[in-house]
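Residue numbers (my numbering), protein chains in the order written: chain A, 2 to 357; chain B, 2 to 311.
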Amino acid sequence: MALTKIVIKKLAFVTLVCAMTGVSMAADNVGFVYVSPIGDAGWTYQHDLGRLQLERETDVTTSYVENVAEGSDAERVIREMAKRGDKVVFATSFGYMNYTLKVSKKFRDTAFVHVTGYKLGKNMGLVNARFYEGRYLTGVIAGEMTKSNILGYVAAFPIPEVLRGINAFIKGARSVNPEAELRVIWVNSWYDPGKERQAAITLISQGADMVTQHTDSTAVVQAAEDEGVYAFGYHSDMSKYGPRAHLTATTHHWGDYYVKTIKEVQAGNWAPVSIWGGYPRKMIKLAPLNDAIPEELQNRIRNMEEQLAARELHPFAGPVIDQSGATIVPAGKNMSDEQLNKMNYYLQGVVSTIPN
Amino acid sequence: MDASILSSILFATIVAGTPLIIVALGQLIAEKSGVLNLGAEGMMAMGAIAGFAITLHTGSPWLGVLAGMAAGALMAFLFAIVVLTLMGNQVASGLALSILGVGLSAFIGKPYESEILPTVGAIRIPLLADIPIIGAPLFNQQALVYLSWVLFGAIVWFLYRSRPGLVLRAVGESPSSAHSIGYPVIRIRYLATIFGGAMAGVGGAFLSVFYTPLWVEGMVSGRGWIAIALVVFATWRPFRVMVGAYLFGGVMVAQLFVQGSDLGFNIPSQFLSALPYLATIIVLVIISRDQNTVRLNAPVSLGQPYRPEA
Numbered sequence: 002m003a004l005t006k007i008v009i010k011k012l013a014f015v016t017l018v019c020a021m022t023g024v025s026m027a028a029d030n031v032g033f034v035y036v037s038p039i040g041d042a043g044w045t046y047q048h049d050l051g052r053l054q055l056e057r058e059t060d061v062t063t064s065y066v067e068n069v070a071e072g073s074d075a076e077r078v079i080r081e082m083a084k085r086g087d088k089v090v091f092a093t094s095f096g097y098m099n100y101t102l103k104v105s106k107k108f109r110d111t112a113f114v115h116v117t118g119y120k121l122g123k124n125m126g127l128v129n130a131r132f133y134e135g136r137y138l139t140g141v142i143a144g145e146m147t148k149s150n151i152l153g154y155v156a157a158f159p160i161p162e163v164l165r166g167i168n169a170f171i172k173g174a175r176s177v178n179p180e181a182e183l184r185v186i187w188v189n190s191w192y193d194p195g196k197e198r199q200a201a202i203t204l205i206s207q208g209a210d211m212v213t214q215h216t217d218s219t220a221v222v223q224a225a226e227d228e229g230v231y232a233f234g235y236h237s238d239m240s241k242y243g244p245r246a247h248l249t250a251t252t253h254h255w256g257d258y259y260v261k262t263i264k265e266v267q268a269g270n271w272a273p274v275s276i277w278g279g280y281p282r283k284m285i286k287l288a289p290l291n292d293a294i295p296e297e298l299q300n301r302i303r304n305m306e307e308q309l310a311a312r313e314l315h316p317f318a319g320p321v322i323d324q325s326g327a328t329i330v331p332a333g334k335n336m337s338d339e340q341l342n343k344m345n346y347y348l349q350g351v352v353s354t355i356p357n
Numbered sequence: 002m003d004a005s006i007l008s009s010i011l012f013a014t015i016v017a018g019t020p021l022i023i024v025a026l027g028q029l030i031a032e033k034s035g036v037l038n039l040g041a042e043g044m045m046a047m048g049a050i051a052g053f054a055i056t057l058h059t060g061s062p063w064l065g066v067l068a069g070m071a072a073g074a075l076m077a078f079l080f081a082i083v084v085l086t087l088m089g090n091q092v093a094s095g096l097a098l099s100i101l102g103v104g105l106s107a108f109i110g111k112p113y114e115s116e117i118l119p120t121v122g123a124i125r126i127p128l129l130a131d132i133p134i135i136g137a138p139l140f141n142q143q144a145l146v147y148l149s150w151v152l153f154g155a156i157v158w159f160l161y162r163s164r165p166g167l168v169l170r171a172v173g174e175s176p177s178s179a180h181s182i183g184y185p186v187i188r189i190r191y192l193a194t195i196f197g198g199a200m201a202g203v204g205g206a207f208l209s210v211f212y213t214p215l216w217v218e219g220m221v222s223g224r225g226w227i228a229i230a231l232v233v234f235a236t237w238r239p240f241r242v243m244v245g246a247y248l249f250g251g252v253m254v255a256q257l258f259v260q261g262s263d264l265g266f267n268i269p270s271q272f273l274s275a276l277p278y279l280a281t282i283i284v285l286v287i288i289s290r291d292q293n294t295v296r297l298n299a300p301v302s303l304g305q306p307y308r309p310e311a
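See the structure below:
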């Protein structure tokens with residue numbers, strides 16, 4: 002099913018220029034490995050926007066391979082990129098971690114960056130974004146605007162990444178509306194528009210008037226549009242799939258980071274570190290706010306965005322209380338990154354039971 | 002449980018079961034003629050993109066369904082050439098067709114990924130739709146839901162009450178006997194295979210035009226395989242196919258309701274997600290456990306190539 006495509010842009014042109022001028026220069030190439038098709042919205046689409054920004058703002062050429070399964074296929078693709086001399090390889094899915102690490106040991110002159118993983122290598126850096134910061138803000142909007150006090154969340158798999166989003170959403174909502182409750186449906190798939198839509202409609206029929214999703218399609222936003230409730234997009238601005246329903250979306254922005262990394266590599270001062278950026282690094286933003294959001298609330302959200310950027314607001318500031326009533330983080334403290342990385346529980350306000 | 006929740010579970014069950022019924026009934030006809038086409042997933046994907054593209058360009062969901070039907074039929078025709086004329090292996094060719102359809106639809110569908118279709122409204126049958134609980138699920142549905150019932154009736158009548166249906170079954174049971182009494186075995190198998198493909202295409206178009214009005218690569222998400230499995234587990238009987246499809250849809254929808262509710266069942270969602278498959282297989286195996294019924298209904302020549310002697 003993988004109609005895998007390799008697109009090498011600019012390369013032909015650069016070769017031509019070199020041949021004409023007789024200068025032995027070759028632009029550095031940067032390879033991107035994508036887990037799904039680029040499409041028009043979603044995880045990979047956001048990475049591709051970053052790649053395009055890299056082409057605009059630096060002198061490197063880029064190439065990508067999309068729809069690479071998280072298995073030995075990934076190793077082959079990554080190895081291929083390293084072998085042909087790509088200066089940097091960005092592997093943009095969690096499941097590529099071990100393959101990236103393995104290949105990085107064979108190609109010490111290439112810089113590898115793995116997205117969302119936790120293993121660093123001698124020439125392999127890590128990057129992830131604090132998606133939960135955006136989730137918290139959408140939660141605040143949901144908490145303010147809900148009439149039924151029931152919020153709905155369509156989720157893929159119960160891993161810390163997804164649970165952080167769910168918990169940030171309800172924590173945001175409860176920060177302004179202690180009556181708000183959140184219902185979660187797991188579809189056990191990153192990508193099944195039919196099931197995602199069904200799950201959204203189920204939540205709506207159970208009273209949810211604000212829905213969001215941590216899956217890869219736009220089906221939930223569309224379902225909300227059809228059913229007359231509100232929705233929050235994820236990954237990308239999904240407003241065109243539900244112009245009325247789409248209040249805003251937590252969007253990811255990798256471009257600045259990519260540009261910075263390439264400049265560091267070219268200058269020879271890149272180090273394989275782990276970066277977990279959010280508002281301060283402008284890796285997370287909200288999509289344009291829908292006019293349905295009252296102006297006062299819009300202003301408050303803008304204000305909170307500034308606070309997040311200035312690290313004055315922490316979505317998981319104590320008291321953080323889990324579903325059972327136990328205090329995870331006492332008042333006055335913020336949750337540590339280590340705790341964030343190991344999150345495997347629901348916070349107070351989620352009425353569903355956690356799958357384990 | 003509150004009546005409106007029951008009603009919405011029923012409603013969603015019927016919608017979720019509909020594409021499975023349409024595709025599985027088409028497969029059933031093809032298999033009854035002795036042709037095993039494992040390409041349903043690919044034919045559905047092609048039906049989905051063709052249906053979506055044509056609906057987008059013409060604004061008519063019905064033209065879209067016709068286009069889906071044509072795309073599925075065309076795929077099945079290719080398959081038929083390979084396995085019926087060129088005597089290719091049916092299992093291998095079917096798998097190849099599946100891969101081809103999913104990949105080709107993704108390729109053709111690239112420019113359509115950003116497009117959206119307006120939602121097609123339901124057709125409400127006056128009076129009947131007002132019956133409490135079952136009114137809305139049964140009588141306020143998408144047109145294709147009603148059509149799936151018509152298709153079911155037509156197929157039951159065709160297979161068991163009409164002469165051509167008898168001939169079709171004879172071809173699937175013993176192609177050499179059917180041939181020896183003068184029936185064009187290969188032509189009948191062509192027609193049955195193409196019908197199966199056309200229905201798979203309609204099922205795909207239902208997904209992309211009616212169910213979730215959008216096109217994304219891989220949106221069929223295994224429904225073609227479920228349809229194929231349904232036919233086998235239903236021992237090639239249309240009524241059981243329908244029961245199986247609704248059961249599958251019903252358990253899928255019910256598990257979503259359980260998860261979203263605050264009933265507090267502590268069942269792992271992974272198990273709940275597997276439940277539709279388990280429940281459908283268990284029920285169909287139980288109702289089909291009589292070996293004689295299986296033998297009576299399974300097409301004997303299924304999957305075997307047949308070359309008529311001069």
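All C-beta atoms, glycine included, are put in the ideal place defined by N, C-alpha and C.
query, result
"Which residue marks the beginning of the beta strand (DSSP E) containing Asn30 of chain A, and which one marks its end?", "30-34"
"Just how far apart, CA to CA, sit Leu303 of chain B and Ala31 of chain B?", "9 Å"
"Taking Cβ positions only, does Tyr278 of chain B come closer than 7 Å to chain A?", "no"
"What are the start and end residues of the beta strand (DSSP E) that includes Ala332 of chain A?", "From DSSP, Ala332 of chain A is part of no beta strand (DSSP E); its letter is neither H nor E."
"Determine whether the Cβ of Tyr242 of chain A lies closer than 7 Å to any Cβ atom of chain B.", "yes"
"Please list the partners that Asp41 of chain A has in chain B, where partner means a Cβ-to-Cβ separation under 8 Å.", "Glu114, Ser115"
"Please tell me whether Gly319 of chain A and Ala311 of chain A are closer than 7 Å, where the distance is taken between their beta carbons.", "no"
"Would you report the Cα separation of Val192 of chain A and Ala137 of chain B, rounded to the nearest angstrom?", "Residue identity differs from the one stated: residue 192 of chain A is Tyr in this sequence, not Val. Using only the alpha carbons, I get a separation of about 29 Å."
"I'd like to know whether the C-beta atoms of Ser270 of chain B and Trp187 of chain A end up nearer to each other than 7 Å.", "yes"
"Does chain B have any CB closer than 7 Å to the CB of Gln47 of chain A?", "no"
"Taking the alpha helix (DSSP H) that Met76 of chain B falls in, what are its first and last residues?", "62-81"
"Tyr100 of chain A to Glu226 of chain A, Cα distance in whole Å?", "41 Å"
"Quick one: grab the DSSP three-state call for Gly219 of chain B.", "coil"
"In the structure shown, what three-state DSSP assignment does Arg245 of chain A receive?", "coil"
"Mind checking Lys84 of chain A: buried by the 16 CB within 10 Å criterion, or exposed?", "exposed"
"Evaluate His58 of chain B with the Cβ neighbour count: other Cβ atoms within 10 Å of its Cβ, from every protein chain shown; 16 or more gives buried, anything less gives exposed.", "exposed"
"Of the residues A:Ala112, A:Thr252, A:Leu152, which one's Cα is nearest the Cα of Asp238 of chain A?", "A:Thr252"
"Identify the contact partners of Tyr192 of chain A in chain B, using a Cβ-Cβ distance below 7 Å as the criterion.", "Gly219"
"For Lys120 of chain A, collect the residues of the same chain with a Cβ closer than 7 Å to its Cβ; drop the 5 residues on either side in sequence, then sort them by chain order.", "Met98, Leu102"
"If I follow the unbroken alpha helix (DSSP H) through His215 of chain A, where does it start and stop?", "Premise fails: His215 of chain A lies in the beta strand (DSSP E), 211-215, not in any alpha helix (DSSP H)."
"With 9 Å as the C-beta to C-beta threshold (strictly closer), list the residues of the region 114-135 of chain B near chain A in chain order.", "Glu114, Ser115, Glu116, Ile117, Thr120"
"Kindly indicate if chain B contains any beta-carbon less than 7 Å away from that of Ile285 of chain A.", "no"
"Which residue wins for smallest C-alpha separation from Pro119 of chain B, given the options B:Val252, B:Pro176, B:Val232, B:Val210?", "B:Val210"
"Which residues in the same chain as Trp255 of chain A place their Cβ atom closer than 6 Å to its Cβ, once the five residues preceding and following it in sequence are excluded?", "His48, Gly51"
"When Cβ atoms are compared, which residues of the region 179-207 of chain A fall closer than 9 Å to chain B?", "Glu182, Arg184, Val185, Ile186, Trp187, Val188, Asn189, Ser190, Tyr192, Asp193, Pro194, Gly195, Lys196, Glu197, Arg198, Gln199, Ala200, Ile202, Thr203, Leu204, Ser206, Gln207"
"Name the DSSP beta bridge partners of Ala318 of chain A, please?", "A:Asn335"
"Please confirm if Ala220 of chain A has its CB atom under 7 Å from at least one CB of chain B.", "yes"
"Based on the DSSP output, what are the partners of Glu182 of chain A in its beta bridges?", "A:Ile151"
"What residues in the region 149-162 of chain A bring their beta carbon closer than 8 Å to a beta carbon of chain B?", "Gly153, Pro159"
"Decide if Arg190 of chain B is buried, meaning its Cβ has at least 16 other Cβ atoms within 10 Å, or exposed.", "buried"
"According to the neighbour-count rule (16 or more other Cβ atoms, all chains shown, within 10 Å of its Cβ), is Leu11 of chain B buried or exposed?", "buried"
"Give the DSSP bridge partners of Arg125 of chain B, in chain order.", "B:Asn141"
"Please say whether Ala206 of chain B and Gly52 of chain B have beta carbons closer to each other than 7 Å?", "yes"
"In the DSSP assignment, find the alpha helix (DSSP H) that holds Ser178 of chain B and state where it starts and stops.", "176-181"
"Using a Cβ cut-off of 7 Å (strictly closer), state whether Thr16 of chain A contacts chain B.", "Per-residue confidence for Thr16 of chain A stands at a pLDDT of 42, beneath the threshold of 50, marking its modelled position as unreliable; no derived number is given."
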